[in-house]
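Be aware that the sequence shown starts at 386, since it is given in this note's numbering, and climbs by one per residue. Just so you know, even glycine gets a beta-carbon here, dropped at the ideal spot from N, CA and C.
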Amino acid sequence: MEQKSNSIRLTLLGGVDEVGGNTVLLEDKSYDVRLFIDFGIKIRNYLNIYERGQYPSGVEELIQANLLPAEERISIQNLYLTELKLEKVIASKPSNLDGILISHPHKDHYFGLSFVNRTIPIYTGVVTKRIIRAFCKSERSTIINNFNNLNWHTFRTGNILDIKGMKITPFHVDHSVPAAYGFIIYTSAGPVVYTGDFRRHGPLSNMTEEFLEEVKTHNTVLTSCELEPEQQELISEGVKVLICEGTKISKGIVESEQNVEENLEKIFINNPFDFILVKYDRIDWDRFRTFSNIAKKYGWKYIITEKDAYFYYLLNKKAIHETMKDPNILSDDHIYILKRGSANYKWQDKVRQVIYRRNKGNRFLNHRDLKSLEGKFLVYVTRLHNGLIRNLDFSKRGLFISSSVDPYSEEFYDNTNNIRNRLKPYGIPSYRVHASGHATPHDIINFIEEIKPKFLIPIHTENPDFFEKLFQSSDIKVLLPNKNDSIEF
Ligand SMILES: [Zn+2]
């Protein structure tokens, strides 16, 4: 048997000294496997170049701008589509990349898929794919929103992926979006663990604890695979490399989604306001539920746009987890939907059909209805467009609640301050009510110490040096590679 150690190489192509843009190339010589773990983009850098409505001319432009990796540099052939045609299957030459693992449906982890050669297998969770597809379908098709005809291979927790004999256990974690996963990759140099983005203070934090337990016991792979004695021995030696997210390693806030609910409750008790504009990340399902529940409880209307309604409808329709059925676009009658013009898009048509078919047409509003709307209402906003501003009755008391994802933004540009400033002349005060999608310093350190990896590589953090300081007197060796540097194990 050939020597199996020292045979993997990790290259961090993104997520180094930065939040977002995670892309890790894992090469295992013994298994002859080349794999990307996530294929993200740094959204903020992208938005520094392209304004709203502006798009790159092609993938070369994004490579030149250092937003996506250059294939020559990493010896990957045919990584990208040769021709960019939307909605069409394009015959491409096969790539030597064996697959791309996508941890969760935040664009800073999957953006690159728009450009990827359609022959490359994309491994992701059943619901993760569904959210990516729903998001894609409820936005205009563009060069950067092209998640059609990908070679999807979906999994659930408990499944094992087998890539040329190399086993991978995907396992759920709690984050600010549903369907987030970490990965345990059983390489020929030992287990490599990738956390993806995670937290331990969310409503589903038990999922993160189960992932941690899996990393410590390797239960799934040990009970469901026939492993060679050497593979078992490698596993018994413990985790070789932990690639751990560190978004909040330098600054923690003691918080929870439960706090968000309790704090919102405080706003609604003795509430002197007539309407509230609220902003959070559209795919933050927990936050959506929290706001919807509070509106329902206090008898307020909850107003969302048609696009939001369509997105949530798609997720409701194929919900696997009970939590994804609540709120329910079809049956929750306190949810009102803002119509926008005539149905120009297929999705617009669809959402109107399903609501009217249920005789719930009364839940559609036009912007001009806002002025004369009976009772108190919440409006979900991602930005302030003129249609909304023109039609709100500012002789009534309004409030703005910012409840977005973490300020650096994982999905789109954080325009909270713009909104706040635009509302000031109308005398609209603002609050911030929030809980992060990322683990606190406490939770990260304890998590790492429980795993006790031989090597630790921080990712998705602007403060990787914190890890070096925090673990300086530990047996865990912290590695801080530069972007595009390779490390061999
Ligand atoms: Zn994320």
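Following the continuous alpha helix (DSSP H) through residue i, name the residue where it begins and the one where it ends.
i      : result
THR554 : First-last for THR554: 551 to 558, but that is the beta strand (DSSP E), not the alpha helix (DSSP H).
TRP685 : That residue, TRP685, is in no alpha helix (DSSP H); it is neither H nor E in DSSP.
VAL739 : 731 to 742
ASP828 : 826 to 836
ALA519 : 511 to 522
PHE596 : 590 to 602
TYR811 : Looking at the DSSP string, TYR811 is not in any alpha helix (DSSP H), and its letter there is neither H nor E.
ILE652 : 642 to 653
ALA564 : That residue, ALA564, is in no alpha helix (DSSP H); it is neither H nor E in DSSP.
ILE428 : 428 to 434
Whose CA, out of the options, lies closest to the CA of residue i?
i      : options                           : result
LEU466 : LEU750, ASN776, VAL863 and LEU535 : LEU535
ARG653 : ARG672, LYS682 and GLY637         : Just to set this straight, residue 653 is Phe in the shown sequence, not Arg. For the residues ARG672, LYS682 and GLY637, the minimum Cα distance to PHE653 belongs to LYS682.
VAL404 : ILE861, ILE422, ASN848 and PHE874 : ASN848
ASP693 : LYS868, ILE485 and CYS521         : CYS521
LEU700 : ARG667, LYS686 and SER727         : ARG667
LYS839 : HIS827, SER859, ASP828 and GLY822 : SER859
VAL624 : SER871, SER442, ASN867 and LYS862 : LYS862
HIS719 : GLU445, SER677 and GLY631         : SER677
HIS752 : ASN729, ASP778, THR767 and TRP732 : ASP778
LYS651 : THR632, LYS745, ILE786 and ARG725 : ILE786
GLY406 : ARG394, ASN806, LYS492 and SER442 : LYS492
ILE689 : GLU642, LEU750 and TRP732         : LEU750
PHE874 : GLY443, HIS603 and VAL577         : VAL577
LYS761 : TRP732, HIS770, LYS703 and ILE679 : ILE679
ARG768 : ARG807, LYS756, TRP732 and ASP754 : ARG807
LEU619 : SER392, ILE872 and ASN867         : SER392
SER621 : ILE836, LYS686, THR396 and GLY399 : ILE836
HIS603 : LYS552, ALA574, GLY581 and GLY637 : LYS552
ASN744 : LYS731, SER757, SER716 and LEU723 : SER716
LYS731 : VAL766, GLU524, ASN771 and GLU642 : GLU524
In three-state DSSP terms, what is residue i?
i      : result
ILE872 : strand
ASP483 : coil
SER621 : helix
LYS468 : Note on identity: in this sequence residue 468 is Glu, with Lys being the wrong assignment. Coil, per DSSP.
ARG674 : helix
GLU446 : helix
ARG394 : strand
LYS724 : coil
LYS478 : coil
GLU630 : strand
SER787 : strand
VAL501 : strand
LYS756 : helix
PRO454 : coil
PRO506 : strand
ASP582 : coil
ILE804 : helix
GLY399 : strand
PHE532 : coil
How would you call residue i, buried or exposed, if buried means at least 16 neighbouring beta carbons within 10 angstroms?
i      : result
GLN738 : exposed
LEU607 : exposed
HIS845 : buried
GLN857 : exposed
THR509 : buried
VAL639 : exposed
PRO712 : buried
ILE774 : exposed
THR708 : exposed
ILE507 : buried
GLN616 : buried
TYR811 : exposed
GLU468 : exposed
GLY746 : exposed
TYR741 : exposed
VAL614 : Checking the sequence, you will find Pro at residue 614 rather than Val. Burial call: exposed.
GLN462 : exposed
Can you tell me where the beta strand (DSSP E) holding residue i begins and where it ends?
i      : result
ASN536 : 536 to 540
ARG419 : 418 to 422
PHE762 : 762 to 765
PRO849 : Premise fails: PRO849 lies in the alpha helix (DSSP H), 849 to 855, not in any beta strand (DSSP E).
GLY575 : 575 to 579
LEU411 : 408 to 413
LYS664 : 660 to 664
ASP547 : 546 to 548
LEU700 : No beta strand (DSSP E) contains LEU700, which is instead part of the alpha helix (DSSP H) from 691 to 702.
When you compare the region 563 to 573 with the region 508 to 526, are there three or more beta-carbon pairs, one atom per stretch, that lie closer than 8 Å? yes
Count Cβ pairs between the region 582 to 595 and the region 610 to 617 that sit closer than 8 Å; are there 3 or more? no
Contact between the region 655 to 663 and the region 479 to 491 is defined here as three or more beta-carbon pairs at a separation below 8 Å; is this criterion met? no
Does the region 488 to 507 come close enough to the region 523 to 542 that 3 or more CB-CB pairs lie under 8 Å? With a cut-off of 8 Å, the region 488 to 507 and the region 523 to 542 count as touching, because enough Cβ pairs lie within range.
Count the CB pairs spanning the region 444 to 458 and the region 421 to 432 that are closer than 8 Å, and state whether there are at least three. Output reads yes: the region 421 to 432 touches the region 444 to 458.
For the structure I just gave you, are there three or more beta carbon pairs, one from the region 408 to 421 and one from the region 429 to 448, closer than 8 Å? no
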